[in-house]
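Colleague: Those letters in the sequence shown? Residues 909 to 1073, by my numbering. One structure is given below, represented as structure tokens, and several questions about it will come after.
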Amino acid sequence: PLATVLEAARLGRAAGARVMLNLAPAQPLGPDELRDVDVLLVNEHEAALLLDDSDGAVRADPEGAARRLSELVPSTVVTLGALGAAWAEGDDCGVVPGFAVEAVDTTAAGDAFAGALGAALADGRRLRDALRYASAAGALAVTTPGAQPSLPRADAINAFLEERG
């Protein structure tokens, strides 16, 4: 339930943690609900809902959507599927492209991306660098069938990034 998620964010903030919220399933939230969130992770549909916009408008200008969302929270990420992710943090924004792979099963792509993003941020990486790591995790996840079996370990993500340059 949303109330539980928001309370967890409040407790995390009170403990000094960097709080990341993956807003799935999509629901409209305003500044009051997001006050304890440091990093907001949304897909195009969720971004459109928060911005009272259309999915097409977000798809046409994902950086702009990320920038507009950053008026609500310090750091925002709008996932774009195979195309990567748009992000905004302070005055900085951009798009981290996805990796070209042959997709077998996309079931766990979003979970792999979100988990890797959270882990990379917890390790102290900058958002842009954490997104490259998360994109690699998402790309690796779609190359293996099944949900749990496709979630890559850190060593596999690092090897993939070394291979891809």
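Glycine is no exception: its CB is placed at the ideal position from the N, C-alpha and C atoms. Only a predicted model underlies this, so the values are computations on that prediction, with no experimental measurement involved.
1) Assign Leu929 to one of two classes, buried (16 or more other C-beta atoms within 10 Å of its C-beta) or exposed (fewer than that).
2) Quick one: Cα of Arg921 to Cα of Leu942, how far?
3) Going residue by residue through the stretch 966-1031, where are the continuous alpha helix (DSSP H) segments of at least 4 residues, counting only ones entirely within it?
4) What do you get for Thr984, buried or exposed, if any count of 16 or more other CB atoms within 10 angstroms of its CB means buried?
5) According to the Cβ coordinates, are Ala1024 and Val986 closer than 8 Å?
6) Identify whether Val913 lies in helix, strand or coil by the three-state DSSP scheme.
7) Between which residues of its own chain and Ala1020 is the CB-CB distance below 6 Å, once the five residues before and five after are set aside?
8) If I measure Cβ to Cβ from Gly1104 and keep anything under 7 Å in the same chain, skipping five residues before and after, which residues do I get?
9) Leaving out five residues on either side along the sequence, give the residues of the same chain with a beta carbon under 6 Å from the beta carbon of Leu931.
10) Using beta-carbon positions only, say whether Glu979 and Val966 come within less than 8 Å of one another.
11) From Val945, Asn1066 and Asp961, pick the residue whose C-alpha is nearest to that of Pro982; which is it?
12) Given Asp1013, which residues of its chain have a CB within under 6 Å of its CB, disregarding the five upstream and five downstream residues?
13) Specify, as a first and last residue, the run of the alpha helix (DSSP H) that Leu1059 falls within.
14) State the start and end residues of the unbroken alpha helix (DSSP H) segment that holds Leu959.
15) Just reading off the beta strand (DSSP E) that Leu931 is part of, what are its end residues?
16) Run through the DSSP bridge pairs and tell me what Leu1069 is partnered with.
Modeller: Straight from the coordinates:
1) By one-based count along the sequence shown, residue 929 stands at place 21. With 16 or more other Cβ atoms within 10 Å, it is buried.
2) Counting from one through the sequence shown, the residue named residue 921 turns up at place 13. Counting from one through the sequence shown, the residue named residue 942 turns up at place 34. Between Arg921 and Leu942, the C-alpha separation is close to 11 Å.
3) Counting whole runs of 4 or more residues, the stretch 966-1031 contains the alpha helix (DSSP H) stretches 970-977 and 1017-1030.
4) Walking along the sequence shown from the start, residue 984 turns up at place 76. By the neighbour-count criterion, in which 16 or more other beta carbons inside 10 Å mark a residue as buried, Thr984 falls on the buried side.
5) Indexing the sequence shown from 1 puts residue 1024 at position 116. Indexing the sequence shown from 1 puts residue 986 at position 78. Taking 8 Å as the cut-off, the Cβ atoms of Ala1024 and Val986 do not count as close.
6) Position 5 of the sequence shown, counting from 1, holds the residue named residue 913. In the structure shown, Val913 sits in a helix (DSSP, three-state: H, G or I).
7) As a working note, residue 1020 is residue 112 in the sequence shown. Short of 6 Å from the beta carbon of Ala1020, and not among the five residues preceding or following it, lie these beta carbons of its own chain, in chain order: Ala1045, Gly1046, Ala1049 and Leu1059.
8) Nothing can be reported for residue 1104, as the shown portion of the chain is limited to 909 through 1073.
9) Mapped onto the sequence shown, residue 931 falls at position 23. The answer, listed in chain order, is Val950 and Glu954.
10) In the sequence shown, the residue the question calls residue 979 occupies position 71. In the sequence shown, the residue the question calls residue 966 occupies position 58. No; because the gap between Cβ atoms is not below 8 Å, this pair is not in contact.
11) Looking up residue 982 in the sequence shown gives position 74. Of Val945, Asn1066 and Asp961, the smallest CA-CA separation from Pro982 is found for Val945.
12) For this step, residue 1013 is matched to residue 105 along the sequence shown. Cβ within range, chain order: Pro1053.
13) For this step, residue 1059 is matched to residue 151 along the sequence shown. First-last for Leu1059: undefined, no H or E at that position.
14) As a position in the sequence shown, residue 959 is number 51, starting the count at 1. Segment Glu952 to Leu959, the alpha helix (DSSP H) holding Leu959.
15) Counting from one through the sequence shown, the residue named residue 931 turns up at place 23. Counted as a single uninterrupted DSSP element, the stretch harbouring Leu931 is not any beta strand (DSSP E), since DSSP gives it neither H nor E.
16) In the sequence shown, counting from the first residue as 1, residue 1069 sits at position 161. Leu1069 is bridged by DSSP to nothing; it lacks a bridge partner.
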